[in-house]
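Going by the numbering used here, the sequence shown opens with residue 437, and the numbers climb by one from there.
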Amino acid sequence: MKRVLGIILGGGAGTRLYPLTKLRAKPAVPLAGKYRLIDIPVSNCINSGIDQIYILTQYNSASLNRHIGRTYNFSSFTDGFVEILAAQQTSDSPGWFQGTADAVRQYIWLMDELDVDEYLILSGDHLYRMDYSHFIERHRETNADITLSVLPIDEARASDFGLMKIDDSGRVIDFSEKPKGDALKAMQVDTSTLGLDPAQAKQKPYIASMGIYVFKREVLKKLLTEAPDQTDFGKEIIPGAAMDHNIQAYLFDGYWEDIGTIQAFYEANLALTQQPKPPFSFYNEDAPIYTRPRYLPPSKLLDCQITESLVGDGCILKECRVDRSVLGVRSRISAGAVVEDSLLMGSDFYQSFGERTAEASAPSMSLGIGENSTIRRAIVDKNARIGKNVKILNKENIEEADREDLGFYIRSGIVVVLKNATIPDNFVI
């Protein structure tokens, strides 16, 4: 794996995850109480023995740069690195990144300086655990020019994905973007060819792209050079190469979730609280998910009732009730508050006792959730100040609303309180 370069695509403006991406790049969005989205692909690389990693970004990258710099510092005695490559304007590339392939194209001159054989292209907004070494081995065994990681899926979900068709050898011979009706039926394949048993193959007769690719070094360079107008891997570069290149499919049959929308992000986080076994677990000693070490104190719970929840480091909870929720680092919940089916991202800093006391007379100035407030089916971003007796319930079941001037949005029926927002006492959402 020392001859593989990991390239993580930081994504575009993150409009589907807005307002969580208002002040940060998509890969920097907090996850599971203490992690960031970028920690997933970086940790998968490290656990797979890949320690040369570039992250391509374009929007709001300050917090992502800070997180990477504080988290992934390899020894000076190794060649390993995790580095940010931000979009830049040069004489050869006067514009910003126009797509996934264009982002790699603009930095291919730098990547070409490394002595590697393959480029592993990854997305920065997926939740999964994968040993890429098996993926690379399959690529090498089949002498593939390109190998795509694919998911077996059933007919109910198939039309939501870009699908592929393979021959008996596992070579990809056709592509179809979100087909329906007869076009969908035409994309059925025998997934037992890729390793599923007959019963599973019958249940899941379609294969969908995960947005994870491995290219031979020279093949990627050639494809990007010969088609300068093609800007996207999944829609242009890879389908265009299928006729005269050996493109293979590698089956991944574990948990994988694209968390690029507010609803998917919310559901994936709350799924981590499921008992007895969540679909994805951070409790894996053999393949841990790494993140920034913050050296926070243990969480302090004073006469609280907490069920099926994750509580991050350094939280202070007093006489409250928390059900099926995820609490981020330094979360603070006051007496009488109720938090249900919600994701609180916590805070970047603590307020001293003196600061909280001095601000007690001002409405909603203290960080965290105020006394006797109720939060249900919501995402509360970092450093939010929720006053006393606030009700965040969305009782009217509004699906979409933009209330940035009031400190919140509603997306897919989920209330999202903005980072650094203040919600005054007695306010009802």
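Even glycine gets a Cβ: it sits at the ideal position worked out from N, Cα and C.
1. So, using beta-carbon positions, are Ser628 and Ala619 closer together than 8 Å?
2. What three-state label does DSSP hand Ala773 in the structure shown?
3. Under a three-way DSSP split, which group does Met600 fall into?
4. Would you give the residue range spanned by the alpha helix (DSSP H) that Asp838 belongs to?
5. Go through its chain and collect everything with a Cβ distance to Ser735's Cβ below 6 Å, but skip five positions before and after it.
6. With a 10 Å radius around its C-beta and 16 neighbouring C-beta atoms as the bar for buried, classify Thr661 as buried or exposed.
7. Along the chain, where does the alpha helix (DSSP H) that runs through Gln684 open and close?
8. Run the CB neighbour count on Ala857, radius 10 Å, all protein chains shown included, and call it buried at 16 or more, exposed below.
9. Output the boundary residues of the alpha helix (DSSP H) element that contains Tyr568.
10. If you drop the 5 nearest sequence neighbours on each side, which residues of the same chain put their C-beta closer than 6 Å to that of Ala773?
11. Could you compute how far the alpha carbon of Ser745 sits from the alpha carbon of Ser761?
12. Does the beta-carbon of Val864 have 16 or more other beta-carbons within 10 angstroms, so that it is buried, or is it exposed?
13. Could you tell me the distance, in whole angstroms, from the CA atom of Ser497 to the CA atom of Glu519?
14. Could you check the C-alpha separation between Val816 and Phe517 for me, to the nearest Å?
15. Going by beta carbon distance, what residues of the same chain come within less than 6 Å of Tyr508, once the five residues before and after it are set aside?
16. Between the Cα of Ile504 and those of Glu549, Ala461 and Ile544, spot the shortest distance and give me the residue it belongs to.
17. In its own chain, which residues sit with a C-beta less than 6 Å from the C-beta of His575, not counting the 5 before and 5 after it?
18. When burial is assigned at 16 or more other CB atoms within 10 Å of the CB, is Trp545 buried or exposed?
19. From which residue to which residue does the beta strand (DSSP E) around Leu445 run?
20. Closer than 8 Å is the cut-off here; do at least three beta carbon pairs connect the region 479 to 486 with the region 565 to 574?
21. Which residue from Thr451, Thr457 and Leu467 puts its Cα closest to that of Gly782?
22. May I ask which residues mark the beginning and end of the alpha helix (DSSP H) holding Asp869?
23. Helix, strand or coil, according to DSSP, for Gly696 in the structure here?
24. Is the beta carbon of Ile695 less than 8 Å from the beta carbon of Val852?
25. Taking only the alpha-carbon atoms, compute the straight-line gap between Pro455 and Arg472 and give it to the nearest angstrom.
26. Is the beta carbon of Arg813 sitting closer than 8 Å to the one on Ser778?
27. Which residue's Cα is closest to the Cα of Ala523: Phe669, Ser512, Asp538 and Tyr845?
28. Report the rounded CA-to-CA distance for Arg730 versus Gly690, giving the unit in angstroms.
29. Grab me the residues of Ile742's own chain with a C-beta within less than 7 Å of its C-beta, minus the 5 sequence neighbours each way, in chain order.
30. Helix, strand or coil, according to DSSP, for Val552 in the structure here?
31. In this structure, does DSSP put Asp784 in helix, strand or coil?
32. Mind pulling the alpha helix (DSSP H) runs of 4 or more residues that sit fully within the region 575 to 648?
33. Near Ala700, what residues of its chain come up, given a Cβ to Cβ distance below 8 Å and the 5 sequence neighbours on each side ignored?
34. For chain D, check one thing: does any of its Cβ atoms lie closer than 8 Å to the Cβ of Ile648?
35. I'd like to know whether the C-beta atoms of Ile585 and Phe688 end up nearer to each other than 8 Å.
36. Should Phe611 go down as buried or exposed, given a rule of 16 or more other Cβ atoms within 10 Å for buried?
Looking at the atomic coordinates:
1. Within the sequence shown, residue 628 is the residue found at index 192, counting from 1. Within the sequence shown, residue 619 is the residue found at index 183, counting from 1. For Ser628 and Ala619, no; Cβs fall outside 8 Å.
2. Stepping through the sequence shown from its first residue, residue 773 is reached at position 337. Ala773: coil per DSSP, three-state reduction.
3. Along the sequence shown, one-based indexing puts residue 600 at 164. It is a strand residue.
4. The sequence position of residue 838 within the sequence shown is 402, counting from 1. Looking at the DSSP string, Asp838 is not in any alpha helix (DSSP H); the run it does join, the beta strand (DSSP E), is Glu836 to Arg839.
5. For this step, residue 735 is matched to residue 299 along the sequence shown. Same-chain partners within the cutoff: Val747 and Cys751.
6. Along the sequence shown, read from residue 1 onward, the residue named residue 661 stands at position 225. Exposed, because fewer than 16 other Cβ atoms sit within 10 Å of the Cβ of Thr661.
7. The residue you call residue 684 lines up with position 248 of the sequence shown. Unbroken run through Gln684 is the beta strand (DSSP E), Ile683 to Leu687; no alpha helix (DSSP H).
8. Translated into positions along the sequence shown, residue 857 becomes position 421. The residue is buried, with at least 16 neighbouring Cβ atoms inside 10 Å.
9. Looking up residue 568 in the sequence shown gives position 132. Taken as a continuous stretch (DSSP letters only), the alpha helix (DSSP H) holding Tyr568 covers Tyr568 to Glu577.
10. Position 337 of the sequence shown, counted from the first residue, corresponds to residue 773. Closer than 6 Å at the Cβ level, and outside the excluded window around Ala773, lie Cys756, Ile805 and Ser809.
11. Walking along the sequence shown from the start, residue 745 turns up at place 309. Walking along the sequence shown from the start, residue 761 turns up at place 325. Each residue's Cα considered, the two are about 5 Å apart.
12. Here residue 864 is taken as the residue at index 428 of the sequence shown, counted from 1. It is exposed - the Cβ of Val864 has fewer than 16 other Cβ atoms within 10 Å.
13. As a first step, residue 497 is located in the sequence shown; it is residue number 61 there, counting from the start. As a first step, residue 519 is located in the sequence shown; it is residue number 83 there, counting from the start. About 12 Å.
14. Within the sequence shown, numbered from 1, the residue matching residue 816 stands at position 380. Within the sequence shown, numbered from 1, the residue matching residue 517 stands at position 81. About 33 Å.
15. Stepping through the sequence shown from its first residue, residue 508 is reached at position 72. Correct list, in chain order: Val518.
16. Start at 1 with the first residue of the sequence shown, and residue 504 comes out as number 68. It is Ala461 whose Cα lies nearest to the Cα of Ile504.
17. Taking the first residue of the sequence shown as 1, we reach residue 575 at position 139. Contacts found: Thr583 and Val650.
18. The count along the sequence shown starts at 1 and reaches residue 545 at position 109. Exposed: under 16 other Cβ atoms inside 10 Å.
19. Stepping through the sequence shown from its first residue, residue 445 is reached at position 9. Residues Val440 to Leu445.
20. yes
21. Against the sequence shown, residue 782 aligns to sequence position 346. Closest option to Gly782, Cα to Cα, is Leu467.
22. Because the chain here runs from 437 to 865, residue 869 falls outside it and cannot be looked at.
23. Reading the sequence shown from its first residue, position 260 is the one you call residue 696. Coil, per DSSP.
24. Position 259 of the sequence shown, counting from 1, holds the residue named residue 695. Position 416 of the sequence shown, counting from 1, holds the residue named residue 852. No, Cβ-Cβ distance for Ile695 and Val852 is not below 8 Å.
25. Position 19 of the sequence shown holds residue 455. Position 36 of the sequence shown holds residue 472. For Pro455 and Arg472, the distance between alpha carbons rounds to 16 Å.
26. Within the sequence shown, numbered from 1, the residue matching residue 813 stands at position 377. Within the sequence shown, numbered from 1, the residue matching residue 778 stands at position 342. In this structure, Ser778 lies closer than 8 Å to Arg813 by Cβ.
27. The residue you call residue 523 lines up with position 87 of the sequence shown. Ranking the options by Cα distance to Ala523, first place goes to Asp538.
28. On the sequence shown, residue 730 is found 294 positions in, with the first residue counted as 1. On the sequence shown, residue 690 is found 254 positions in, with the first residue counted as 1. Rounded to the nearest angstrom, the two C-alpha atoms are 30 Å apart.
29. One-based indexing of the sequence shown puts residue 742 at position 306. Excluding residues within five positions, the ones whose Cβ falls inside 7 Å are Val758.
30. Here residue 552 refers to the residue found at position 116 of the sequence shown. Note: Val552 maps to coil in three-state DSSP.
31. Numbered from 1 along the sequence shown, position 348 holds the residue referred to as residue 784. In the structure shown, Asp784 sits in coil (DSSP, three-state: anything other than H, G, I, E or B).
32. 591 to 594, 618 to 621 and 634 to 639
33. The residue you call residue 700 lines up with position 264 of the sequence shown. Within the same chain, Ala700 has close Cβ partners Glu693 and Asp694.
34. As a matter of chain content, chain D is missing from the structure shown, which is built from one protein chain.
35. The count along the sequence shown starts at 1 and reaches residue 585 at position 149. The count along the sequence shown starts at 1 and reaches residue 688 at position 252. One point to set straight first is that residue 585 is Ser, not Ile, in the sequence displayed. Going by C-beta atoms, Ser585 is nearer than 8 Å to Phe688.
36. Along the sequence shown, one-based indexing puts residue 611 at 175. So Phe611 counts as buried.
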